Amino acid sequence: MSNHLIDLKDLDTEAMRELLHLTDRFVEVCQRPIPKVPALRGRTVALIFFEDSTRTRMSFDLAAKRLSADVLDFPTHTSSLSKGESLQDTVETIRAFGVDALVIRHGSGGLPGDIAEAVGETISVINAGDGLNAHPTQGLLDAYTLCQHFNGAAGTQASLSGLHVGIVGDIKHSRVARTDVAAYSSLGAKITVVAPEALVPDDVSEWPVAVSNDLDAVLPDLDVVGLLRIQKERITDDSLISIDDYIDRYGMTESRADKLRTEVVITHPGPVNRGIEIADAVLDKRPNVLVQQQVTNGVAVRMAVLFRLLGSGIEID
Ligand code: CP
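25 is the number of the first residue of the sequence shown in my numbering; add one for each residue after it.
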């Protein structure tokens, strides 16, 4: 694994397993009465988010603090970018403070990779979501959550072999879909993406997945139903999607949830459009919904990533 984490496609299965096994260690740390270790004392992590975020930003912040690193939170809306300073000069300025890692979310696909190339091996760059491209820590936490649910933990040989995962919804505009496919396929899962024609990516034939437009036909064969948010902000032609039709054909309504086998689990990366991708009563009351577990695991996964990139030669505790 390089000094950066830009896309799970850059990791082979062994590198992904190593991160997931490291996550087992940090799940244990997070369950301690004092969930904090000194591992990254003296290191500094900068959070640079050009797109809004609740889960990713707060969990990177918490992960760095639980590793005893210092956190610099870059205020994108009140920074000198508004005075015309370039992003490149902004990154150089932050680097001059002596930070060890940049965690970057940006609407432009490829931008964190470009920054990683520019800074070389001097500091680590972690992609916290870039356009429609990738969201590697989300893919890791989703894969970890499935390993934990079905196998108890990731262990040294994390595997999703034997599971059929459906990824349902706005596949076309979803960096999470692209990243989950990379994670799940690397760990051996069978994957079907399910979406209305208008939300299927043009290049889906190159993905290691089956494709369906009919959720009810696929549902009986699934072990995992991975729901995605309808990304209204990225759908440029509203006429392509009727929300009522979407709920009717793809929503996890109570009646659809009633038909699931008891061992089938439902995931969603959040934020959720309640009443569209999933009914309130399913999200709030069904035991097979792993959404909160995904959020909880996000902290341990991000601790593992930060420790792997910044903690070379250091003991965890
Ligand atoms: N899942 C996810 O990336 O959520 P946030 O946008 O809240 O970080």
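Each residue gets a CB set at the ideal place from its N, CA and C atoms; glycine is no exception. Computed from a predicted model, the values in this text were never measured in an experiment.
Residue i to residue j span [Cα, whole Å]
{"i": "Ile-72", "j": "Val-127", "result": "6 Å"}
{"i": "Met-197", "j": "Lys-60", "result": "Per the sequence presented here, residue 197 reads as His, with Met not at that position. For His-197 and Lys-60, the distance between alpha carbons rounds to 37 Å."}
{"i": "Glu-141", "j": "Leu-111", "result": "14 Å"}
{"i": "Ala-219", "j": "Ser-279", "result": "19 Å"}
{"i": "Gly-294", "j": "Leu-307", "result": "11 Å"}
{"i": "Leu-170", "j": "Asp-247", "result": "10 Å"}
{"i": "Asn-151", "j": "Gly-275", "result": "30 Å"}
{"i": "Ile-195", "j": "Asp-85", "result": "28 Å"}
{"i": "Leu-43", "j": "Ile-300", "result": "33 Å"}
{"i": "Pro-232", "j": "Ile-215", "result": "8 Å"}
{"i": "Asp-97", "j": "Ser-104", "result": "14 Å"}
{"i": "Gly-163", "j": "Gln-318", "result": "10 Å"}
{"i": "Val-95", "j": "Ile-338", "result": "19 Å"}
{"i": "Thr-320", "j": "Ala-70", "result": "22 Å"}
Distance cut-off 7 Å: residue i Cβ against heavy atoms of the ligand CP
{"i": "Pro-295", "result": "yes"}
{"i": "Arg-56", "result": "no"}
{"i": "Gly-337", "result": "no"}
{"i": "Gly-23", "result": "With the chain represented from 25 up to 341, any question about residue 23 goes unanswered, as that position is not in the structure."}
{"i": "Gln-162", "result": "yes"}
{"i": "Gly-153", "result": "yes"}
{"i": "Ser-77", "result": "yes"}
{"i": "Leu-81", "result": "This sequence places Arg at residue 81; Leu is not what is there. Yes, since a heavy atom of the ligand CP falls inside the 7 Å radius drawn around the Cβ of Arg-81."}
{"i": "His-159", "result": "yes"}
Which listed residue (the options) has its alpha carbon closest to that of residue i
{"i": "Glu-230", "options": "Ala-152, Asp-308, Ala-206", "result": "Ala-206"}
{"i": "Asp-282", "options": "Pro-295, Val-296, Ala-305, Thr-291", "result": "Ala-305"}
{"i": "Thr-78", "options": "Leu-330, Asn-157, Gly-322, Gly-337", "result": "Gly-322"}
{"i": "Arg-253", "options": "Leu-239, Val-192, Ala-328", "result": "Val-192"}
{"i": "Ala-88", "options": "Thr-100, Thr-68, Asn-175, Phe-98", "result": "Thr-68"}
{"i": "Asp-166", "options": "Val-313, Ile-338, Arg-332", "result": "Val-313"}
{"i": "Gly-133", "options": "Ser-104, His-159, Asp-227", "result": "His-159"}
{"i": "Arg-119", "options": "Leu-105, Ile-139, Thr-100, His-101", "result": "Ile-139"}
{"i": "Asp-240", "options": "Thr-277, Ala-222, Glu-257", "result": "Thr-277"}
{"i": "Val-224", "options": "Tyr-208, Ser-209, Ile-265, Ala-213", "result": "Ile-265"}
{"i": "Gly-179", "options": "Gly-186, Pro-99, Phe-50, Ser-26", "result": "Phe-50"}
{"i": "Glu-145", "options": "Val-325, Val-289, Ser-26", "result": "Ser-26"}
{"i": "Gln-255", "options": "Val-288, Ala-234, Arg-332, Ala-201", "result": "Ala-201"}
{"i": "Glu-116", "options": "Arg-90, Val-143, Ser-83", "result": "Val-143"}
Chain-order list of residues whose beta-carbon lies under 8 Å from that of residue i (same chain, five-residue window excluded)
{"i": "Leu-243", "result": "Gly-190, Val-249, Arg-280, Lys-283, Leu-284"}
{"i": "Leu-184", "result": "Ala-167, Leu-170, Cys-171, Phe-174, Tyr-208, Leu-211, Gly-212, Ala-213"}
Reduced DSSP category for residue i - H, G, I as helix; E, B as strand; rest coil
{"i": "Thr-180", "result": "coil"}
{"i": "Ser-148", "result": "strand"}
{"i": "Gly-95", "result": "Note that residue 95 is Val in the sequence shown, not Gly. Strand at Val-95."}
{"i": "Ser-236", "result": "strand"}
{"i": "Thr-37", "result": "helix"}
{"i": "Leu-156", "result": "coil"}
{"i": "Ile-290", "result": "strand"}
Proximal residues to residue i (C-beta, below 7 Å), its chain only, five neighbours per side dropped
{"i": "Ile-147", "result": "Arg-119, Val-123, Asp-124, Ala-125, Leu-126"}
Contact set for residue i: own chain, Cβ-Cβ below 6 Å, skip 5 residues either direction
{"i": "His-188", "result": "Lys-214, Asp-245, Leu-246, Asp-247"}
{"i": "Val-149", "result": "His-28, Leu-126, Pro-136, Ile-139, Ala-140"}
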